[in-house]
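The C-terminal position of the sequence shown is numbered 334 in this note's numbering, with every residue numbered one higher than the one before it.
By construction, the Cβ of each residue, glycine as well, lies at the ideal position given by its N, Cα and C atoms.
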Amino acid sequence: MPNGLRVAVMGATGAVGAEILALLDQRAFPLKDLTLLASPRSAGTTLTFKGEQIPVQAIGPDSFNNIDLVLASAGGSVSLKWLPKAVAAGAVCIDNSSAYRMEPTVPLVVPEVNPEAAQHHQGIIANPNCTTILMALALWPLHQVQPIQRLVVATYQSASGAGARAMEEVKQQARAILAGEDPVAELFPYPLAFNLFPHNSPLNEQGYCQEEMKMVNETRKIFAAPDLKVSATCVRVPVLRAHSEAVNIEFATPFSPSVAKALLARAPGVKLVEDWGRNYFPMPLEASGQDDVLVGRIRQDISHPNGLELWLSGDQIRKGAALNAVQIAELLLVPQAVGVGL
Ligand code: A2P
């Protein structure tokens, strides 16, 4: 790909869009041309890329002419509206939204786990849900050695999962509370600063919210393990940009914690972080800005002979969204690696 690709970033002005731009620069992604797309609100503004001011355009019917690759992060309804048009115009799309993830014809890819799935794309490749990506990275090396039977996970999800404006809302709420004023909740249903609440996505008849069912269904699809039992409780916490998760893993037979640690210490995309003497384990503040998912506190489940417990923190905007999407694009640049190209 000597001349590079003509890339459009959809949702370029958002939290994930900003990180995609930073990663395209940092990872020297081969670009021939860069188009920045957002809502009409942002049309006419500019963003800096490699020291150059690039205009932001509102998405329109002509946005995808002469585009090879779309990196989309503008929400599900925007993807549903525009990605079919981008594919029809000849682009390959990597979509951060949940709109296409469970479509049988759309690969759902974590490059460290199932890169080969990318080869079956028909124009759209989906980037999984952020909490699912982080958990998949930590569990895949264990699942390879002994298939996981059942997972019970509780998440501690940062404001960034709801976008750049949500991060600002939490800061404003904190300032208000410290000034003795009432916090204002606009994007979130309740104040998040100095508080937490179960994830506010719609609930199903079994009482699970959409975010929780994403962890169930997407983990099964990524691992190609349709019978994997998963139960999740997703909670929003007043952290700015990295998610944490407590995961209980059940195997068919005992799994030694020391073997699990050795596997995770050399797993791609994972950093083993634990110092039991200092009670030092993964923290969202330290995970923020890091590519690797921090995993630690790996221990035997005292309530089950075949159970393991672990704790992880990972940058939701980076590996949970932008980095995973850019890594998928990089897979497509080396078609021989996965038998597919753009
Ligand atoms: P804009 O900044 O113009 O609103 P975040 O997840 O951080 O909230 O970012 C969402 C991204 O999606 C932003 O770039 C936002 O653009 C873009 N976006 C939101 N709604 C639309 C829309 N209807 N059409 C195009 N882009 C949109």
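At the C-beta level, residue 2 and residue 91 stay beyond 9 Å of one another. Within the same chain, Cβ atoms closer than 7 Å to the Cβ of residue 38 are found at 45, 46, 47 and 48, the five residues on either side in sequence being excluded.
Using a C-beta cut-off of 8 Å, the stretch 222 to 235 makes contact with the stretch 133 to 152, since at least three inter-stretch Cβ pairs fall below that distance. Judged by DSSP in its simplified three-state form, residue 240 adopts strand. In this model, residue -3 and residue 94 are separated by some 28 Å (Cα to Cα).
Boundaries for residue 41: no alpha helix (DSSP H) harbours it, while the beta strand (DSSP E) harbouring it runs 38 to 41, taken from the DSSP string. One thing to note: residue 30 has its Cβ no nearer than 9 Å to the Cβ of residue 78. Going by beta carbons, residue 100 and residue 247 fall outside the 9 Å limit. Note that the C-beta distance between residue 122 and residue 191 is not below 9 Å. A contact between stretches requires three or more CB pairs, one per stretch, nearer than 8 Å, and the stretch 310 to 322 meets this requirement with the stretch 265 to 284. When distances are taken from the beta-carbon of residue 51 to the heavy atoms of the ligand A2P, the shortest one is below 8 Å. Within its own chain, the residues whose Cβ lies closer than 7 Å to the Cβ of residue 116, once the five positions on either side in sequence are excluded, are 75, 79, 85, 87, 92 and 98, listed in chain order. About 7 Å separates the Cβ atoms of residue 55 and residue 27, confirming a contact at the 8 Å cut-off. Taking a cut-off of 8 Å for Cβ pairs, the stretch 123 to 133 and the stretch 101 to 110 touch, as three or more such pairs fall below it. Non-local C-beta neighbours of residue 57 in its own chain, meaning closer than 7 Å and more than five positions away in sequence, comprise 81, ordered along the chain. Rounded to the nearest whole angstrom, the C-alpha separation of residue 25 and residue 150 is 33 Å. Under the three-state reduction of DSSP output, residue 46 falls in the strand class.
Of the other Cβ atoms in all chains shown, fewer than 16 fall within 10 Å of the Cβ of residue 216; this residue is therefore exposed. Under DSSP, the beta-bridge partners assigned to residue 225 are 146. Residue 12 places its beta carbon 9 Å or farther from that of residue 279. Between residue 232 and residue 162, the C-beta gap is smaller than 9 Å, which places the two residues in contact.
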